[in-house]
Amino acid sequence: MKPSPYRPHAQLLVCTHLRTASDPLGGGCGARGEEVFAALKERTRGSSVWVARSSCLGLCPQRGCTVAIAPAMQYLIEVEPADVDEVLSAAR
24 MKPSPYRPHA QLLVCTHLRT ASDPLGGGCG ARGEEVFAAL KERTRGSSVW VARSSCLGLC
84 PQRGCTVAIA PAMQYLIEVE PADVDEVLSA AR
């Protein structure tokens with residue numbers, strides 16, 4: 024193992040976890056997370072902000088999805104594609 028020479032300014036972890044409809048926590052972020060992930064990937068292409076899909080981040084919103092911003096580990100919930108500018112501002 025060796026450390027990577029590449030370091031992002033920030034990394035956005037977007038929950039795309041899909042739960043069953045009968046789950047007491049609801050359906051999960053699933054498709055809503057995929058929409059946010061695609062919007063963030065489009066906006067961060069070639070930048071020092073990296074975006075990755077994540078499984079459950081432990082916060083299950085009723086709408087939108089959950090996004091974690093590393094290295095600060097700030098969590099945003101109910102994130103929707105229209106919120107991409109605000110998410111990127113929080114990451115900077």
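In our numbering, the protein residues as written are 24 to 115. Idealized CB from N, CA, C, for every residue including glycine. Quick caveat: nothing in here was measured; it's all calculated off a predicted structure.
About 12 Å separates the beta carbon of Cys-88 from that of Gly-49, a gap too long to meet the 8 Å contact definition.
Beta-bridge pairing by DSSP links Ser-77 to Cys-38. In terms of CA proximity to Thr-39, Leu-82 leads the group Ser-71, Ser-45, Asp-106 and Leu-82. Selection Ala-93, Asp-106 and Ala-105 evaluated against Arg-115 yields Ala-93 as nearest (Cα-Cα). For the pair Val-107 and Arg-68, the CB atoms are not nearer than the 9 Å cut-off.
Taking all protein chains in view, the Cβ of Ala-44 is surrounded by fewer than 16 other Cβ atoms within 10 Å, so the residue is classified as exposed. Assignment of alpha helix (DSSP H) within the stretch 39–74, counting only whole runs of 4 or more residues, yields 53–67 in chain order.
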